[in-house]
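To start, the structure under review is shown below, and the notes come after it.
Residue numbers (this note's numbering): 63 to 236.
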């Protein structure tokens, strides 16, 4: 019986040894799984942080984009208002230009009328003898004795009054 008990103890020792080895393998596997789980947890946390940062960046970019769209809308509105104002100013300038062109045409026609009036007055004045012309004519007609007091220059033929020693035109001695 002792041998049976010894055999059973040996069998039990060998089972304990086998179970102990299995238990060690299981402990190692559990430790590996714990390490993997911890690493996965770290990785998940890191990925959560990356996702949170990306989310924040996307929100910031979205805010920037919204601000740009708002500013773009304000610029478009301002440009539209400025364009409408310029269009109104241009319409007013075109109206003013039309008025000024009408005034210019009216003034040009008045100038032409005045030019015609002046031309006709000049023509009338030229057709009527002036005081100077009539005076010269009278002097020429009324004074043959004045003409008799004059002699002519033997060199150039100019009329020279009595008493002159030299010709007034050419300087010849008389």
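By construction, the Cβ of each residue, glycine as well, lies at the ideal position given by its N, Cα and C atoms.
- Message: Between the alpha carbons of residue 12 and residue 81, how many angstroms are there, rounded?
- Response: No statement about residue 12 is possible, as the shown extent of the chain runs from 63 to 236 and does not include it.
- Out of curiosity, what's the CA-to-CA distance linking residue 90 and residue 99? Rounded to whole angstroms, residue 90 to residue 99 spans 14 Å at the Cα level.
- Rounded C-alpha distance that separates residue 134 from residue 128: About 10 Å.
- Item | residue 208 to residue 234 span [Cα, whole Å] | Since pLDDT at residue 208 reaches only 48, below the 50 mark, its modelled position is unreliable, and no value is offered.
- Task: Express the C-alpha separation of residue 107 and residue 75 in angstroms, rounding to a whole number.
- Result: So the two alpha carbons sit approximately 46 Å from each other.
- Item | Residue range of the beta strand (DSSP E) that includes residue 223 | Where residue 223 is concerned, the enclosing beta strand (DSSP E) stretches over 221-223.
- Message: Counting C-beta neighbours from all protein chains within 10 Å, is the total for residue 232 16 or more, i.e. buried, or is it exposed?
- Response: Exposed.
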